[in-house]
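Engineer:
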Amino acid sequence: MQVIVVGGGLVGSTLAEKLAGDGHDVVLVEQNRELIADLNERLDVQTIHGNGATIPVLMKAGIENADLLLATTNSDEANMVVALVGSVIFKVPRVAARLRDPEHEEGFRRIAREPGGERVAINPDMAAVDKILSLMPVPGAVDVASFFDGKLLVAGFHIKPGSEFAGLMLSHLRLLFPATPVLVVAIRRDGRWRVPYGEDEIRADDLVYFAMDPTELDNMLVLLGVRRGAERRVMVAGATRIGVNLSRRLEESGVPVTLIDERREACEKAAAALEDTLVIHGSPTDRELLREEGADRVEGFVACTDGHEENVVACLLAGRMGAAHTFALVDNAALSSLVGDLGIDAIISPRLLSVSLALQFARKGRIKSVAALLEDSVEVFEVEAAEGSRLVRSPLSKLGLPRGILLVAVQRDDRIFIPGGDDRIEPGDHVIVAAAAEMASRLDDILEA
């Protein structure tokens with residue numbers, strides 16, 4: 014495809030790098046000269062300096078022949094203009110815009126309903142809320158993604174010393190789960206990621222992603238030694254857009270919520286917007302306040318203030334006081350990489366969530382959905398097997414898949430199973446594939462008919 018990405022920040026540059034790695038022709042537009050210089054050193058894509066919300070710059074980027082336009086600047090207004098110009102004037106077949114303001118998102122949805130092309134709004138704040146809500150039913154997980162309409166769960170856990178999994182060969186997992194097979198999708202060890210194979214071993218302190226039937230979750234938690242909170246209550250630090258929307262969603266599901274923010278005006282607005290949430294004016298890093306409000310007994314503590322370092326500190330305090338599980342909103346890559354060492358259960362990155370959603374849109378077709386695992390080093394795809402593709406030609410043991418690509422699970426009609434070496438993929442099957450980021454571009458060769 015001919016792809017234009019407007020905005021060279023964290024989201025735009027990551028998308029440009031990944032799409033170029035997939036073999037697409039990518040042009041990245043950015044108006045900050047210093048950032049352009051940095052992008053030219055790091056990325057193997059064409060860059061153009063200029064305001065991507067203007068027609069001359071977009072024409073210079075080749076919008077007249079573009080197949081995909083991604084508006085990823087930090088300004089909702091600029092992204093709306095880019096999306097409108099691309100959709101209405103130049104009829105770009107597929108347009109995605111990153112929009113945080115719900116009113117802008119609603120306006121874009123109205124545009125998207127007009128015939129002629131595919132258009133999607135990506136709201137990183139709402140994506141963060143959805144991610145937190147998906148993590149809460151899976152205590153101890155650093156990351157959760159669901160596939161096959163929720164019938165397959167991929168969840169990452171830190172392996173504690175003394176766990177039933179420490180020292181276990183992957184090929185022996187079936188001994189722990191004889192009824193419903195469980196597969197290891199990815200392992201992070203000593204700061205490095207790998208897509209494993211049968212003779213690999215799980216070690217203490219590994220971060221391991223398991224693919225499982227959701228009905229096996231309780232058994233998994235017992236084997237991992239994960240505990241639940243004393244109270245089914247959630248404490249949220251930060252009356253931000255994410256914090257307020259998360260509190261509202263938890264209210265709707267019947268979960269008691271306490272919301273803390275040190276900004277009095279933000280507390281007043283949150284109290285007016287929420288019905289049952291207890292809103293407290295105070296600092297989320299105040300140990301005495303946390304103790305008074307029962308942080309030691311909560312099922313989950315979510316820190317989503319605008320200060321990402323403050324979120325880490327608040328989670329550390331709550332965790333040490335006894336909060337069962339802690340979640341910190343962090344878009345700082347250096348902090349995110351320390352999640353295991355810090356003892357925080359999960360890092361929520363709106364940037365990575367935006368990238369994942371945009372990639373899912375960009376790769377539509379045989380690829381049904383994409384999830385980028387922690388640190389964006391491993392991707393999990395749901396794909397449809399096509400007649401005549403390499404995927405359906407031979408039993409799995411003879412496909413010759415390169416190291417770094419793993420077939421995780423197959424959905425055939427109403428049946429879901431983890432395939433073995435003697436199994437064959439049939440046309441029309443939906444298949445979950447895990448791939449190291451550097452191997453993701455090779456999926457096309459496997460999927461093409």
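At position 358 of the sequence shown (counting the first as 1) the number is 371 in the working numbering, and the numbers step up by one without a gap. Glycine residues also receive a C-beta, built at the ideal position from the N, C-alpha and C atoms.
#1: So, does the segment 281 to 288 touch the segment 311 to 318, judging by three or more C-beta pairs under 8 Å?
#2: Relative to the C-alpha of Asp471, which residue among Ile357, Gly441, Glu212 is closest?
#3: Is it the case that the Cβ atoms of Arg262 and Val151 are separated by a distance below 8 Å?
#4: Using DSSP with H/G/I as helix, E/B as strand and the rest coil, what is Phe121?
#5: Looking at the ligand FAD, does it come within less than 7 Å of Val16, judged from the CB to the closest heavy atom?
#6: Around the C-beta of Met233, are 16 or more other C-beta atoms found within 10 angstroms, so that it is buried, or is it exposed?
#7: Return the first residue and the last residue of the alpha helix (DSSP H) that Asp51 is part of.
#8: Would you kindly report the start and end of the unbroken alpha helix (DSSP H) that includes Leu139?
#9: Please report the residue range of the alpha helix (DSSP H) in which Val537 lies.
#10: Just list the beta strand (DSSP E) runs in the segment 293 to 361, keeping only unbroken ones of 3 residues or longer that don't cross its boundaries, in chain order.
#11: With DSSP as the reference, label Asp274 as helix, strand or coil.
#12: Between Leu183 and Asp213, is the Cβ-Cβ spacing less than 8 Å?
#13: In angstroms, rounded to a whole number, what distance separates the CA positions of Leu23 and Ser362?
#14: Using 10 angstroms around the beta-carbon of Phe430, count the other beta-carbons present and answer buried if the total reaches 16, otherwise exposed.
#15: Just list the beta strand (DSSP E) runs in the segment 234 to 288, keeping only unbroken ones of 3 residues or longer that don't cross its boundaries, in chain order.
#16: With DSSP as the reference, identify every bridge partner of Ser159, one or two as the case may be.
#17: Between Ala337, Arg111, Ser410, Pro209, which lies nearest to Ala140 when the distance is taken from Cα to Cα?
#18: Where do the ends of the beta strand (DSSP E) carrying Ala110 lie?
#19: What whole-angstrom Cβ distance do Gly335 and Ile357 have, given they're in contact under 8 Å?
#20: Using CA atoms only, rank isn't needed, just tell me which of Thr27, Arg246, Leu32, Val326 is closest to Gln15.
#21: Check whether the Cβ atoms of Thr253 and Glu229 lie closer than 8 Å to each other.
#22: I need the straight-line Cα distance from Val268 to Asp389, nearest angstrom please.
#23: Does the segment 294 to 312 come close enough to the segment 322 to 332 that 3 or more CB-CB pairs lie under 8 Å?
#24: Considering only the alpha carbon of each residue, which of Arg107, Phe103, Pro137, Pro128 lies closest to Glu118?
#25: Determine, using beta-carbon pairs with one atom in the segment 191 to 205 and one in the segment 216 to 228, whether at least three such pairs fall under 8 Å.
#26: Quick one: is Gly36 buried, meaning 16 or more other Cβ sit within 10 Å of its Cβ, or exposed?
#27: Pick from Val198, Ala341, Val19, Pro174: whose alpha carbon is nearest that of Leu420?
#28: Is the separation between the beta-carbon of Val270 and that of Ala224 shorter than 8 Å?
#29: Terminal residues of the continuous alpha helix (DSSP H) containing Leu181?
#30: Taking Cβ positions, are Ala371 and Leu56 nearer each other than 8 Å?
#31: Would Thr85 and Leu48 qualify as a contact pair, given that the criterion is a beta-carbon distance under 8 Å?
#32: Looking only at C-alpha atoms, which of Ala327, Glu116, Ser100, Ser147 sits nearest to Glu127?
#33: Who are the Cβ neighbours of Asp309 in its own chain at under 6 Å, not counting the five residues just before and after it?
#34: State buried or exposed for Arg123, treating a residue as buried only when at least 16 other CB atoms are found within 10 Å of its CB.
#35: Run through DSSP, which three-state label would Glu212 get?
#36: Using the C-alpha atoms, what's the distance from Gln59 back to Val208?
Structural biologist: This is what the structure holds:
#1: no
#2: Lying outside 14 to 462, the shown extent of the chain, residue 471 is not represented and no answer is given.
#3: no
#4: helix
#5: Absence of the ligand FAD is noted for the structure shown, with no ligands found whatsoever.
#6: buried
#7: 46 to 55
#8: Checking the sequence, you will find Met at residue 139 rather than Leu. Where Met139 is concerned, the enclosing alpha helix (DSSP H) stretches over 137 to 148.
#9: Residue 537 cannot be examined here, being either before or after the span of the chain that is shown, 14 to 462.
#10: 313 to 316, 338 to 342, 359 to 361
#11: strand
#12: yes
#13: 11 Å
#14: exposed
#15: 247 to 250, 270 to 274
#16: Leu166
#17: Arg111
#18: 107 to 111
#19: Incorrect: roughly 15 Å between the Cβ atoms, too far for contact.
#20: Leu32
#21: no
#22: 31 Å
#23: yes
#24: Pro137
#25: yes
#26: exposed
#27: Val198
#28: no
#29: Leu181 -> no alpha helix (DSSP H), and no H or E assigned at all.
#30: no
#31: no
#32: Ser100
#33: Met334, Gly335
#34: exposed
#35: coil
#36: 31 Å
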